[in-house]
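One structure is given here, and the rest of the page talks about it.
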Amino acid sequence: MSDDLQIPEGMNDDRGSSLDEEAKASERFVDDLAAALGAVKRGDVAKTVSFRDERTAALFRALGENPSELQSAIEEARHAAGVEDNSEGDRSELLRLLVRIGIGEVTPELADAEKQARMERIEDDY
Amino acid sequence: MTLKAAVFLDKGGTGKTTSTAHLGRALTELGHEGVLIDLAGKQSDLAKQFGLYDDQQQAIDNDEDFPNLSTVFDDDFGKLVKMNGADAILDRLIYETDEGVDLIPAHPGLDSVDGELNNIEDREERYGRLKKFVDEYLEDRYDFILIDLPGLSRIVPYNGVWAAENLIAPVEMGSYEFAQAKQLADDVEKYRSNWGIDAELSMVMPNKYERGTNLADDYMDRYTAEFDGAMSPEPIAKSQDIRNATEAGKTIFELEEPSTTAARAREAYLENARALVDRLGGVQ
Numbered sequence: 043m044s045d046d047l048q049i050p051e052g053m054n055d056d057r058g059s060s061l062d063e064e065a066k067a068s069e070r071f072v073d074d075l076a077a078a079l080g081a082v083k084r085g086d087v088a089k090t091v092s093f094r095d096e097r098t099a100a101l102f103r104a105l106g107e108n109p110s111e112l113q114s115a116i117e118e119a120r121h122a123a124g125v126e127d128n129s130e131g132d133r134s135e136l137l138r139l140l141v142r143i144g145i146g147e148v149t150p151e152l153a154d155a156e157k158q159a160r161m162e163r164i165e166d167d168y
Numbered sequence: 193m194t195l196k197a198a199v200f201l202d203k204g205g206t207g208k209t210t211s212t213a214h215l216g217r218a219l220t221e222l223g224h225e226g227v228l229i230d231l232a233g234k235q236s237d238l239a240k241q242f243g244l245y246d247d248q249q250q251a252i253d254n255d256e257d258f259p260n261l262s263t264v265f266d267d268d269f270g271k272l273v274k275m276n277g278a279d280a281i282l283d284r285l286i287y288e289t290d291e292g293v294d295l296i297p298a299h300p301g302l303d304s305v306d307g308e309l310n311n312i313e314d315r316e317e318r319y320g321r322l323k324k325f326v327d328e329y330l331e332d333r334y335d336f337i338l339i340d341l342p343g344l345s346r347i348v349p350y351n352g353v354w355a356a357e358n359l360i361a362p363v364e365m366g367s368y369e370f371a372q373a374k375q376l377a378d379d380v381e382k383y384r385s386n387w388g389i390d391a392e393l394s395m396v397m398p399n400k401y402e403r404g405t406n407l408a409d410d411y412m413d414r415y416t417a418e419f420d421g422a423m424s425p426e427p428i429a430k431s432q433d434i435r436n437a438t439e440a441g442k443t444i445f446e447l448e449e450p451s452t453t454a455a456r457a458r459e460a461y462l463e464n465a466r467a468l469v470d471r472l473g474g475v476q
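Protein chains in written order, with this note's numbering: chain A, 43 to 168; chain B, 193 to 476.
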């Protein structure tokens with residue numbers, strides 16, 4: 043019906059119910075995430091993440107000075123994340139695992155979106 | 193001047209859609225041209241009432257449903273009209289029913305409109321979008337405009353209140369419904385004082401009325417005492433035929449052999465439609 047109509051730029055000519063709109067927003071997020079994964083892979087975006095937090099900085103400083111505490115925390119995090127690995131870990135691995143566990147537990151929809159985005163990337167790569 | 197009214201009560205299942213359809217049909221029977229606007233939810237009950245539901249759903253499935261009622265609430269609706277002309281847009285928005293009255297059916301997009309309007313701070317912008325559409329594009333074309341509102345106090349229904357100002361409350365004979373109608377009368381006062389609009393409870397119309405029962409008589413007395421000038425001249429008789437006609441996608445005005453109760457309900461709708469014209473003026 044709208045094929046012969048002129049539509050103002052930016053106007054939503056495919057408005058669905060709030061449930062449909064939510065689904066569309068989530069699809070857009072997965073697309074953005076897949077694009078970001080591609081950018082990281084190509085080196086257009088840094089692979090490192092940094093943040094400022096005094097308490098976490100102090101905790102990781104102390105873990106660095108106490109290797110047995112660090113290794114024990116890494117093993118617990120690996121167990122929680124379902125990672126099988128007996129090698130010696132480092133602070134970077136511990137942070138990575140804790141963030142991933144946090145995302146999975148607190149915001150599972152983000153973890154799902156990330157999984158879908160990775161699938162999208164794999165499909166695009168082939 | 194066009195007769196404008198919204199059928200509203202902050203409760204589901206009191207017969208708002210049936211009342212909108214039948215009052216609209218009665219006004220048509222009296223020779224007036226009008227349009228019904230369905231803001232009552234994505235289930236599109238008014239389209240079902242007039243046998244247009246399948247056509248509308250097919251348009252949605254085929255992505256042929258733009259523009260629709262949710263588009264009217266868009267920031268850029270005015271721009272859309274300017275770019276294409278009002279006739280091109282209204283032709284797509286308005287459905288003609290087989291019963292003479294026109295219909296702008298509900299659309300699933302309406303339920304995401306509420307969230308969008310919620311972010312708008314300016315009160316007239318937030319509650320006045322439908323009014324702007326009605327005043328600019330429909331008023332000159334029709335003798336009457338009836339709006340079917342959902343039983344919810346949210347932004348889209350309030351747009352209906354702003355656009356129509358005159359409210360019709362279909363009620364049943366029960367304590368809960370009586371309290372709801374009183375609440376609506378109080379709310380109308382708040383609409384007037386808080387928003388500065390000329391809101392009015394123009395008609396309280398008893399529905400599913402079972403003549404001669406003590407309960408019905410008792411409640412009718414209570415309603416009459418409370419809403420004296422706003423009561424409809426006739427209650428609408430409870431009739432299985434109303435349900436049957438709705439199931440068949442038409443109003444009881446289209447029944448060739450209406451039952452006694454349906455015939456009585458039809459006369460009551462006509463009488464109430466006449467009273468609406470008397471009270472609200474507008475159509476001749």
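The beta-carbon is built from N, C-alpha and C at its ideal position, and this holds for glycine as well.
None of the values given here were measured: they were computed from a predicted structure.
With a CB to CB cut of under 6 Å and the five nearest residues on each side skipped, what residues in its chain are close to residue i?
i	result
Pro150 (chain A)	none
Phe336 (chain B)	Leu195, Leu219, His224, Gly226 and Val475
Glu459 (chain B)	none
Val72 (chain A)	Ala155, Gln158 and Ala159
Glu51 (chain A)	none
Phe325 (chain B)	Val264
Ala377 (chain B)	Leu393
Arg49 (chain A)	This sequence places Ile at residue 49 (chain A); Arg is not what is there. So the list reads Asp55, once near-sequence residues are dropped.
Ser345 (chain B)	Asp202
Ala251 (chain B)	Asp257
Just the chain B side, please: which residues come within less than 9 Å of residue i by C-beta, in chain order?
i	result
Asp178 (chain A)	Chain A is shown from 43 up to 168; residue 178 (chain A) falls before or after that span and cannot be answered.
At a CB-CB cut-off below 7 Å, which residues of chain A make contact with residue i?
i	result
Lys234 (chain B)	Ser59
Met395 (chain B)	The premise fails here: Met395 (chain B) is roughly 32 Å from chain A at the closest Cβ pair, so nothing lies under 7 Å.
Ser262 (chain B)	Arg57
Phe200 (chain B)	Chain A residues near Phe200 (chain B): none, gap ~22 Å exceeds 7 Å.
Might you give, ordered along the chain, the residues of its own chain that have their beta carbon closer than 7 Å to the beta carbon of residue i, omitting 5 neighbours on each side?
i	result
Met43 (chain A)	Its pLDDT being 47, under 50, Met43 (chain A) is placed unreliably in this model, and the value from its coordinates should be taken loosely. Nothing listed; no residue qualifies.
Thr210 (chain B)	Ile434 and Thr438
Gln375 (chain B)	Asp202
Glu308 (chain B)	none
Asp283 (chain B)	none
Met423 (chain B)	Val396, Tyr415 and Thr416
Ala278 (chain B)	Tyr329
Ala123 (chain A)	Leu139, Arg142 and Ile143
Leu75 (chain A)	Ala155, Glu156 and Ala159
Arg163 (chain A)	Ala76, Leu79 and Gly80
Glu418 (chain B)	Lys374
Met161 (chain A)	none
Thr212 (chain B)	Val199, Leu228, Leu238, Leu338 and Asp340
Closer than 8 Å by C-beta to residue i: which residues in its own chain qualify, once you throw out the five before and the five after it? Chain order, please.
i	result
Lys89 (chain A)	Val82
Glu164 (chain B)	Coverage of chain B is limited to positions 193 through 476, which leaves residue 164 (chain B) absent and any answer about it impossible.
Lys240 (chain B)	Thr438 and Gly441
Gly207 (chain B)	Pro362, Glu364, Asn399, Lys400 and Ile428
Asp105 (chain A)	Here the sequence assigns Leu to residue 105 (chain A), which means Asp is not the residue at that position. Once the five neighbours on either side are set aside, the close Cβ partners of Leu105 (chain A) are Glu111, Leu112, Ala115, Arg133 and Leu136.
Throw me the rounded Cβ distance for the residue i and residue j pair, which I believe falls under 8 Å.
i	j	result
Arg142 (chain B)	Asn351 (chain B)	There is no way to answer for residue 142 (chain B), as the model of chain B reaches only from 193 to 476.
Arg384 (chain B)	Ala373 (chain B)	About 17 Å; that fails the 8 Å criterion.
Ala454 (chain B)	Leu447 (chain B)	6 Å
Val273 (chain B)	Ile281 (chain B)	5 Å
Ala197 (chain B)	Leu468 (chain B)	7 Å
Asp314 (chain B)	Val348 (chain B)	With 8 Å as the limit, Asp314 (chain B) and Val348 (chain B) do not qualify as a contact, their Cβ atoms being about 17 Å apart.
Ile389 (chain B)	Trp354 (chain B)	6 Å
Ser60 (chain A)	Asp253 (chain B)	At roughly 19 Å, the Cβ-Cβ gap does not stay under 8 Å, so Ser60 (chain A) and Asp253 (chain B) are not in contact.
Name, please, each residue of chain B whose Cβ falls closer than 7 Å to the Cβ of residue i.
i	result
Ile49 (chain A)	Leu272
Would you mind telling me which residues of chain A sit closer than 8 Å to residue i, beta carbon to beta carbon, in chain order?
i	result
Asn276 (chain B)	Leu47 and Gln48
Asp268 (chain B)	Pro50, Gly52 and Met53
Strictly below 9 Å CB to CB, what residues from chain A border residue i?
i	result
Ala477 (chain B)	Given that chain B is displayed from residue 193 to residue 476, the structure contains no residue 477 (chain B) and the question cannot be resolved.
Phe445 (chain B)	Ordered by position in chain A, no residue passes the 9 Å Cβ test against Phe445 (chain B), which lies about 30 Å from the chain.
Gln370 (chain B)	In the sequence as presented, Gln is not what sits at residue 370 (chain B); that position holds Phe. What Phe370 (chain B) touches in chain A: nothing, since even the nearest Cβ is about 33 Å away.
Phe242 (chain B)	The contacting residues do not exist; Phe242 (chain B) stays about 19 Å from chain A at best.
Is residue i near the ligand ADP, in the sense that its beta carbon is under 7 Å from a heavy atom of that ligand?
i	result
Ser304 (chain B)	Summarising the ligand content, the structure contains no ligands, and the ligand ADP is consequently not present.
ask   = Taking a cut of 9 Å between CB atoms, which residues from the region 55 to 79 of chain A lie near chain B?
value = Asp55, Asp56, Arg57, Gly58, Ser59, Ser60, Leu61, Asp62, Glu63 and Glu64
request  = State whether the region 236 to 243 of chain B contacts the region 294 to 307 of chain B, with contact taken as three or more CB pairs (one from each stretch) at a distance under 8 Å.
outcome  = yes
key: Chain-ordered residues of the region 292 to 307 of chain B with a beta carbon less than 7 Å from chain A   = Pro300, Gly301, Asp303, Ser304 and Gly307
ask   = Taking any Cβ of chain A, which residues in the region 322 to 341 of chain B have a Cβ under 9 Å from it, in chain order?
value = none
task = Could you run through the region 139 to 165 of chain A and flag, in chain order, every residue whose CB is less than 8 Å away from some CB of chain B?
result = none
task = For the region 411 to 427 of chain B and the region 352 to 369 of chain B, state whether three or more C-beta atom pairs, one from each stretch, are separated by less than 8 Å.
result = yes
query = Is the region 419 to 431 of chain B in contact with the region 393 to 407 of chain B, if contact means three or more CB pairs nearer than 8 Å?
reply = yes
query = Is the number of C-beta pairs between the region 54 to 65 of chain A and the region 130 to 144 of chain A that are closer than 8 Å three or more?
reply = no
ask   = When Cβ atoms are compared, which residues of the region 412 to 433 of chain B fall closer than 8 Å to chain A?
value = none
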